[in-house]
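*Asks:* In the numbering used here, the protein residues as written are 23 to 330.
1. In the DSSP output, which residue or residues are listed as bridge partners for residue 26?
2. What are the start and end residues of the beta strand (DSSP E) that includes residue 107?
3. Between 275, 308, 280, 268, which lies nearest to residue 76 when the distance is taken from Cα to Cα?
4. According to DSSP, residue 196 sits in a beta bridge with which residue or residues?
5. Just to confirm, are residue 151 and residue 302 a CB contact at a threshold of 8 Å?
6. Please name the residue, chosen from 153, 86, 73, 100, that lies closest to residue 119 on a Cα-to-Cα basis.
7. Can you tell me whether residue 190 is buried or exposed? The criterion is at least 16 other CB atoms within 10 Å of its CB, across all chains shown.
8. Using C-beta distances below 7 Å, list every residue in its chain close to residue 169, excluding the 5 sequence neighbours before and after it, in chain order.
9. Would you report the Cα separation of residue 146 and residue 224, rounded to the nearest angstrom?
10. Short of 6 Å in beta carbon distance, which residues of its chain neighbour residue 165, apart from the five on each side in sequence? Order them along the chain.
11. Can you find the residues in the same chain that come closer than 7 Å, C-beta to C-beta, to residue 26, ignoring five residues on each side of it along the sequence?
12. For residue 69, which option in 87, 95, 81, 39 has the closest C-alpha, if you only look at C-alpha atoms?
13. Taking three-plus beta-carbon pairs below 8 Å as touching, is the region 104-116 in contact with the region 190-210?
14. From this set, 29, 97, 64, 36, which residue's C-alpha is nearest residue 239's C-alpha?
15. Would you list, in sequence order, the uninterrupted alpha helix (DSSP H) runs of no fewer than 4 residues that lie entirely inside the region 214-286?
16. Residue range of the alpha helix (DSSP H) that residue 68 falls in?
17. Quick check: the Cα distance between residue 24 and residue 30, rounded to an integer number of angstroms?
18. In angstroms, rounded to a whole number, what distance separates the CA positions of residue 134 and residue 141?
19. Whole angstroms is fine: what's the gap from residue 379's alpha carbon to residue 82's?
20. On the criterion of 16 or more Cβ atoms from any shown chain inside 10 Å, does residue 129 qualify as buried, or is it exposed?
21. For residue 204 and residue 233, which I take to be in contact (beta-carbon distance under 8 Å), what is that distance rounded to the nearest angstrom?
22. Under a three-way DSSP split, which group does residue 304 fall into?
23. Would DSSP call residue 191 helix, strand or coil?
24. In its own chain, which residues sit with a C-beta less than 7 Å from the C-beta of residue 185, not counting the 5 before and 5 after it?
25. What's the gap between the Cα of residue 143 and the Cα of residue 187?
26. Taking the alpha-carbon positions, what's the residue 80 to residue 252 distance?
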């Protein structure tokens, strides 16, 4: 059954969009990520204008994050103070990202920026995760023999000014690197239509040593507010949020996430990371192929003399 999207200005199959949202929601629930790195590319591949796909995807990520935050809040599994520090940086980064988004759209370079950014970001993160996962899966003895980081070891950024104590996470760390992390995630989220959970979670765990018991809930807390801000800014500044498309995506992803969460509980840690790495790296490869494929319609620009 086709339905017309007023902002995207094209008809789409409501069942196709709903099924796609449910599938992404299933993957999001299974891996504990927002799913924006999948939803936005799928919408673009389906023919949705990239600007509309990014802005509308932010609304879907915000809605999906809300249910996760409420769940972790009830379980006391998030650090609100740490999340607020990330939100401060995230809101500033979101504003910068929307300004950059609008500038690139006006210049006509946004689609190129989107493709190159996805290839670079997802290719790097997915490639590193894939290498680590393959080592953990096929060379378990070698990974077990690696020396773990001692608790008394400190990175250089942990000694910066403005130290803050986070009681829930048991950390004392400078607020500066946390705010900068929030700025980066907010900027990337508003430009690429991603929540950034697949970046925030590993950084908080491996660099800042945030306990895994609170890291996912804290990440979702930050993503919720930055994606809400991105949605409102996109809607006000460039009117690129398609509410009809957003509602279909929200309903489908919420339903799919419920089933994905149940399946994810039965996955082993090594298999969990390997599948997520393949997924992220696969999206990057798909965008890389898009760069090298010859377009179906060729255009050329040449100067013409106008005679009156």
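By construction, the Cβ of each residue, glycine as well, lies at the ideal position given by its N, Cα and C atoms.
*Replies:* The relevant details are as follows:
1. Numbered from 1 along the chain shown, position 4 holds the residue referred to as residue 26. DSSP output for residue 26 lists 33 as bridge partner(s).
2. Sequence index remark: in the chain shown, residue 107 carries index 85 (1-based). Segment 102-129 is the alpha helix (DSSP H) holding residue 107; no beta strand (DSSP E) there.
3. Translated into the one-based positions of the chain shown, residue 76 becomes position 54. The option with the nearest alpha carbon to residue 76 is 268.
4. Taking the chain shown and counting its residues from 1, the one referred to as residue 196 is at position 174. DSSP, once it has assigned bridges, lists 185 as partnering residue 196.
5. The sequence position of residue 151 within the chain shown is 129, counting from 1. The sequence position of residue 302 within the chain shown is 280, counting from 1. Yes, the pair counts as a contact, with Cβ atoms nearer than the cut-off.
6. By 1-based counting over the chain shown, the position of residue 119 is 97. Nearest C-alpha to residue 119: 73.
7. Working through the chain shown from its first residue, we reach residue 190 at position 168. Burial call: buried.
8. For the purposes of this step, residue 169 is identified with residue 147 of the chain shown, where counting begins at 1. Interpretation of residue 169 is limited by its pLDDT of 46, a score under 50 that renders its predicted location unreliable; the figure taken from the coordinates is listed afterwards. Excluding positions up to five away in sequence, the list is empty.
9. By 1-based counting over the chain shown, the position of residue 146 is 124. By 1-based counting over the chain shown, the position of residue 224 is 202. C-alpha separation (whole angstroms): 13 Å.
10. The residue you call residue 165 lines up with position 143 of the chain shown. Confidence in residue 165 is poor, its pLDDT being 48 and thus under 50, which makes the residue's placement unreliable; the coordinate value appears in the next sentence. Excluding positions up to five away in sequence, the list reads 157, 158.
11. Your numbering for residue 26 matches position 4 in the chain shown. Closer than 7 Å at Cβ, skipping near neighbours: 33.
12. Here residue 69 refers to the residue found at position 47 of the chain shown. Ranking the options by Cα distance to residue 69, first place goes to 39.
13. yes
14. Within the chain shown, residue 239 is the residue found at index 217, counting from 1. Among 29, 97, 64, 36, the Cα nearest to that of residue 239 belongs to 97.
15. 219-228, 234-259, 265-286
16. Position 46 of the chain shown, counting from 1, holds the residue named residue 68. Per DSSP, residue 68 belongs to no alpha helix (DSSP H) and is neither H nor E.
17. Here residue 24 corresponds to residue number 2 of the chain shown, with the count starting at 1. Here residue 30 corresponds to residue number 8 of the chain shown, with the count starting at 1. C-alpha separation (whole angstroms): 14 Å.
18. In the chain shown, the residue the question calls residue 134 occupies position 112. In the chain shown, the residue the question calls residue 141 occupies position 119. Cα to Cα, the separation comes out at about 11 Å.
19. The structure shown does not extend to residue 379, since the chain spans only 23 to 330, so no value can be given for it.
20. The sequence position of residue 129 within the chain shown is 107, counting from 1. Exposed is the call here.
21. Numbered from its first residue, the chain shown carries residue 204 at position 182. Numbered from its first residue, the chain shown carries residue 233 at position 211. In fact, because the Cβ distance is near 19 Å, the residues do not count as touching under 8 Å.
22. Here residue 304 refers to the residue found at position 282 when the chain shown is read from its first residue. Looking at residue 304 - three-state DSSP - the assignment turns out to be helix.
23. The residue you call residue 191 lines up with position 169 of the chain shown. Three-state DSSP puts residue 191 in coil, outside helix and strand.
24. As a position in the chain shown, residue 185 is number 163, starting the count at 1. Closer than 7 Å at Cβ, skipping near neighbours: 194, 195, 196.
25. Numbered from its first residue, the chain shown carries residue 143 at position 121. Numbered from its first residue, the chain shown carries residue 187 at position 165. If you take the alpha carbons of residue 143 and residue 187, they lie about 31 Å apart.
26. Here residue 80 corresponds to residue number 58 of the chain shown, with the count starting at 1. Here residue 252 corresponds to residue number 230 of the chain shown, with the count starting at 1. C-alpha separation (whole angstroms): 7 Å.
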